[in-house]
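1 is the number of the first residue of the sequence shown in UniProt numbering; add one for each residue after it.
The C-beta atom is built at its ideal place from N, Cα and C for all residues, glycine as well.
Everything numeric in this text was worked out from a predicted model, so none of it was measured.
Taking it in order: structure first as structure tokens, then the write-up.
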Amino acid sequence: MFKNILVPTDASEAAKRALILALDLAKKFDSRILLLHVVYTPEALGYTLSNGIPVPQEEISIYGNEALAATLAGIDIGTVKLEKKQKPGHTANAILEEVKSEQIDLVVMGNRGYGPIAGSMLGSVSQRILSKAECPVMIVK
Numbered sequence: 001m002f003k004n005i006l007v008p009t010d011a012s013e014a015a016k017r018a019l020i021l022a023l024d025l026a027k028k029f030d031s032r033i034l035l036l037h038v039v040y041t042p043e044a045l046g047y048t049l050s051n052g053i054p055v056p057q058e059e060i061s062i063y064g065n066e067a068l069a070a071t072l073a074g075i076d077i078g079t080v081k082l083e084k085k086q087k088p089g090h091t092a093n094a095i096l097e098e099v100k101s102e103q104i105d106l107v108v109m110g111n112r113g114y115g116p117i118a119g120s121m122l123g124s125v126s127q128r129i130l131s132k133a134e135c136p137v138m139i140v141k
């Protein structure tokens, strides 16, 4: 049913809870989990840092590896097939790209819990994924 499960992470507690739930599902359905961290960069919105200096890939990799490690800390993945991936860009767009390119059957992601007013003003990644993903999306509180 769910062969490929995407778990986007920002290393928050909600993302860890999403991973734990995704691991339970993966065990039941013999699924693969793609744990994705998107490093938000100024280039994602068409900006560069002062004097046109781009963000070095090494810095993106260091931050991404730390976020992935923090999400996995203290969690036993057992025999579940789990792939870690990081990419720079705009968070919601990058997640939606992964849904298509990796043939994702289910997205399981945490919710930061903005209230209705703050959420409508700030928007949220989970709201964007929920409305635009072409597969089921499970939001974990």
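Stretch pair the stretch 27 to 40 + the stretch 84 to 92: three plus CB contacts closer than 8 Å: yes
The stretch 93 to 103 touching the stretch 66 to 79, judged by at least three CB pairs closer than 8 Å: no
Inter-residue spacing [alpha-carbon to alpha-carbon] between Ile95 and Val137: 12 Å
Local Cβ density within 10 Å of Gly110, reported as buried at 16 or more and exposed below that: buried
Three-state secondary structure (DSSP) of Gln127: helix
Buried versus exposed, by CB contacts within 10 Å (16 or more), residue 163: With the chain covering only 1 through 141, there is no way to say anything about residue 163.
Straight-line Cα distance separating Ala73 from Ala22: 15 Å
Assumed close pair Val125, Thr91 - CB separation to whole angstroms, cut-off 8 Å: 5 Å
Rounded C-alpha distance that separates Gly89 from Ile77: 27 Å
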